[in-house]
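Numbering (the UniProt record's numbering), first residue to last: 1 to 1225.
All remarks here apply to the structure that follows.
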């Protein structure tokens, strides 16, 4: 490459056309003219500096000073020609013409200047060094050789170049130093300098000493990055160093950052030996897409990343989970199971194994693979408990079998009894005795005695013996008739209402003789003589065959008719469906659409200012607004509405081409703040419109974009807006359907990737929390060619419990949602996109809460009214209802009361606990203040309206622990029974769901059936019993083992299948089976009496929680029901510790204050005393210290075994001492 840097000042040179001065270059030639004359010239003489150079007469005879000089000649016009000039030829040349008489005719003198290139400059010296430039200086040139120096040229070359390849830079004459820029870092260079005048460039100077430029961070990533899976959990990543001209210094090593594609948690690994260009990544998740970033680093810092995407090998799947068995018969049943939570590969099939008495049977399933799965197992023995297990098979092999699941087959009828004696008691009665059958399944519930009169009518009598005695008397028979008799036992099904009849005994024949009144007894026939009687009746039976056939067909036909009528009736009933239609308030999409509802627009008034309120006065201010049935809020909200400007133009929203892009006909986007899309070339007209406006935050212009929920025809525009505005966070505050009406159309894929116009959206992850869901998308612009600039990560925070035109029930979850969603927006990102349905009510509420929280942090003041009036000039109707305006104030009060952020990061937990009880200047400590704030509210009487109804009061153990109407569990209503929907039970939120727990009192004798109705209706598989049982007040509320009871008027049967009382906790397993269909629910009571009092050290309290969790994870069905004596403190402590551990495990933080306060609001009194509240902190503190010790032990082991490959979690959330699975206590 040739870089020419011209820094040339203007240099004035002599005019070579001057008649008295002539210029010539060394090694060249010059002709010096003489004067013209008309006289006759006899001789010409040329002098230099008054010294004769050459004479010329009629016979030219050159002569020169100091002898002959080559290259000197005189022309016919007397001019002097000099060749092979040198600097010494410079001087004054005189031409003298001599006439024939010896007189001088002419005497002309001219100055001749011979010029040459300058002498070389002195040796250059490099005086300053940087990574991209060198400063060079050199001595000035002494000799310019009769031509002033116009500039210098500097030639620089790297050590890998020849001088012929070096770059040449030109420098002004006034400088004898320069900075040579655009060099490569950490490269050896040498410099030469040339002087330049009008004649040319001098010879080069002596080269400078070799100098290396400074180091710089690498500018290129490692190359040829490859991945090779060694096992499902181990992959070797290899690479080549960056290109040599991009290392910019001696490499110090490499850093790898890897993680599951689309997830936040990443792990860095540092390779400190630059010669190592591969590493094994261990503990990977099988059959999972990973992203690995590799970058080189030197002493100056890190270079850019090289990116590699790879997929790990298929591994073994996790265990499936058998959920229940259906279609249970004596010799077959259907096993139902859920797929493994992690397949770790492509599902190829399942292997189902059932075992009895040490013998295994296997069935492989490779078709119709779905979730959930089921398979029919046949060839089983009646009333036998099999152990079933199932394992999934993937390309990585067969995984572990599921936990053993007991599968009990139904009973079958017993074997045939043996008739011992048949005695005729009278001409109309007999007595029969038999042995109990040898083979009995479960129990014999009774017997059947079948008698057949052997005559032309072939009349048959079946007598059912309800008891289990092995003898019976049969009366009211016909005298003088022949009979056959046989006996069979029967057993009731344990899974249905059926009765299974066993095998009949051998047939006994007998004949009755005599009159009805006769008392004579005579044994006419025993089994041994039975054949004789049978032979006697064969002839009669032959005559009766036709009659018997006819008699048999009649009841069959009657039965068929009854069955057909029944099926027709049921078919008619099943066709009765009901569907409600609602008119959706949207812009009509065609002429048949219903007219939309118009939201009223306030009249225009002059804008007013509202003063800011100091934080210390804000709580009292809100209390004043709440006084007298919230009259202050009503007045202030009305005043803001009247002063809101409505004369701002929305002309673009009203254009015909844009009307279909508005969800509601009068929710328009103001022109002056609307978010304009970049026009699409193929349809430029109005392609820049979307119903969205920029909205300011506190001290931040355009902090948000408020928009409507996307329509099908605007989804493409929505994602274009997200891309063009560089948005990283989307806040969604609506559900797709609300109250049966479409509020927003789904604009994201449920899984995989979908294209919306030029934008490609891929769902990376979904995290469901109790009140909101977080979705992580990869957004790619398909028009962008460069991969890194064409793909971004976007977070969607979706609040799922915010009603339209209303407000949530509680402020704390909203406070957490606003804080977490706003904090997810990284520095440098674009506006947060906020939308509900119309993009005004709930959207404005969110923006105002977040902005006022910022004002509190920065200014220590609040101005809800003034800020609302300001942002209403940017989008109409922001904060749509008075309830929403009031809710904003209540959320901010909660924020101030909690001291801002009540969430504690895991790294600060132990320090926080140390400061918890330290008194402040007023003598109070933080623990007392938190406890009082979380338990200060007392609900009003109307909030308990159902619990205090006279019909329900006897169902409560104590009147101090009652369910609030808003969060009570409702039972299915029994028609005509007042209070049939009431049970003293409340929903409590956990980490994952708002109804994760049900907390209830120990059932009273009068509420046992209500309790089991609740279990059945809520589909709860886990019941945690913390009550200390006694025989007076807190009794067992379940049947004995092996027994069953009918519940809910026979709608389902509760069977106590198994119990384990050998250890603490005690377990009781139940089967609840519907009598209406084949649905079966398995539920377990896990009971302990010493929790948490006997848990020392305190972290062992989590052992019992872990036991319950393992059972719940097997079934994960319905809420976890937690029982203590009154449904109070002990149960609440259990739920709170479970929830706090989930927070710590997933979020790397806890919020005791929020959990406790929400529990108190939902079931007042369950937090108990300050000591109960303090116990939550102490238990978590003990757990963290325990896990810290465990982590130290693991760290010591890792340091000793894998010093160079230790992976450190370094995701978006800080590393937790409690990270990983549940602690091994």
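We treat Cβ as the ideally placed atom computed from N, Cα and C, and that holds for glycine.
Since this is a predicted model, take the numbers as computed values, not measurements.
Is the Cβ-Cβ distance between residue i and residue j less than 8 Å?
i            : j            : result
residue 230  : residue 256  : no
residue 151  : residue 168  : no
residue 216  : residue 248  : yes
residue 87   : residue 49   : no
residue 821  : residue 698  : no
residue 845  : residue 794  : no
residue 848  : residue 888  : yes
residue 1081 : residue 1019 : yes
residue 722  : residue 763  : no
Can you check DSSP and say which residues form a bridge with residue i?
i            : result
residue 406  : 387
residue 211  : 189
residue 1055 : 1044 and 1071
residue 434  : 419
residue 741  : 738
residue 45   : 55 and 96
residue 692  : 707
residue 110  : 93
In whole angstroms, what separates the C-alpha of residue i from that of residue j?
i            : j            : result
residue 1227 : residue 1183 : A query on residue 1227 cannot be resolved here, the shown segment of the chain reaching from 1 to 1225 and no further.
residue 559  : residue 452  : Only weak support is given to the placement of residue 559: the predicted model assigns it a pLDDT of 46, under 50, and the value that follows is read from those uncertain coordinates. Those two C-alpha atoms are separated by around 22 Å.
residue 241  : residue 232  : 27 Å
residue 419  : residue 483  : 15 Å
residue 1060 : residue 1037 : 16 Å
residue 154  : residue 90   : 30 Å
residue 478  : residue 514  : 10 Å
residue 338  : residue 1102 : 27 Å
residue 676  : residue 1013 : 57 Å
residue 769  : residue 613  : 35 Å
residue 902  : residue 1156 : 12 Å
residue 295  : residue 740  : 53 Å
residue 225  : residue 819  : 40 Å
residue 1187 : residue 1177 : 15 Å
residue 1247 : residue 702  : Because the chain spans 1 through 1225 in this model, residue 1247 falls outside it and cannot be assessed.
residue 425  : residue 472  : 12 Å
residue 1097 : residue 1190 : 15 Å
residue 39   : residue 70   : 30 Å
residue 1161 : residue 937  : 7 Å
residue 20   : residue 205  : 36 Å
Measure how close the beta-carbons of residue i and residue j come, nearest whole angstrom, since I'm counting them as under 8 Å.
i            : j            : result
residue 660  : residue 713  : 6 Å
residue 437  : residue 415  : 4 Å
residue 648  : residue 670  : 5 Å
residue 474  : residue 464  : About 12 Å; that fails the 8 Å criterion.
residue 997  : residue 1173 : With 8 Å as the limit, residue 997 and residue 1173 do not qualify as a contact, their Cβ atoms being about 18 Å apart.
residue 1159 : residue 1167 : 6 Å
residue 667  : residue 951  : Not a contact, Cβ separation roughly 48 Å.
residue 1025 : residue 1087 : 4 Å
residue 213  : residue 184  : 7 Å
residue 449  : residue 422  : With 8 Å as the limit, residue 449 and residue 422 do not qualify as a contact, their Cβ atoms being about 11 Å apart.
residue 1170 : residue 927  : 7 Å
Query raised in the report: Are the segment 887 to 895 and the segment 1133 to 1142 touching, with three or more C-beta to C-beta distances below 8 Å?
Result: no
Query raised in the report: How about the segment 953 to 969 and the segment 1100 to 1110: do they share at least three Cβ pairs that are nearer than 8 Å?
Result: no
Report task. Would you check if the segment 1144 to 1155 and the segment 1034 to 1052 touch, i.e. whether three or more CB-CB distances between them fall below 8 Å? Result -> no
Query raised in the report: With contact counted as at least three CB pairs below 8 Å, one residue from each stretch, are the segment 321 to 332 and the segment 291 to 309 in contact?
Result: no
Query raised in the report: Quick check: the segment 858 to 873 against the segment 754 to 763, are there 3 or more CB pairs under 8 Å?
Result: no
Query raised in the report: Are there three or more Cβ pairs, one per stretch, closer than 8 Å when the segment 1123 to 1137 is compared with the segment 988 to 1007?
Result: yes
Query raised in the report: Using 8 Å as the Cβ pair cut-off and three pairs as the minimum, do the segment 909 to 916 and the segment 627 to 634 touch?
Result: no
Query raised in the report: Okay, do the segment 129 to 148 and the segment 184 to 201 touch, 3+ Cβ pairs below 8 Å being the bar?
Result: yes
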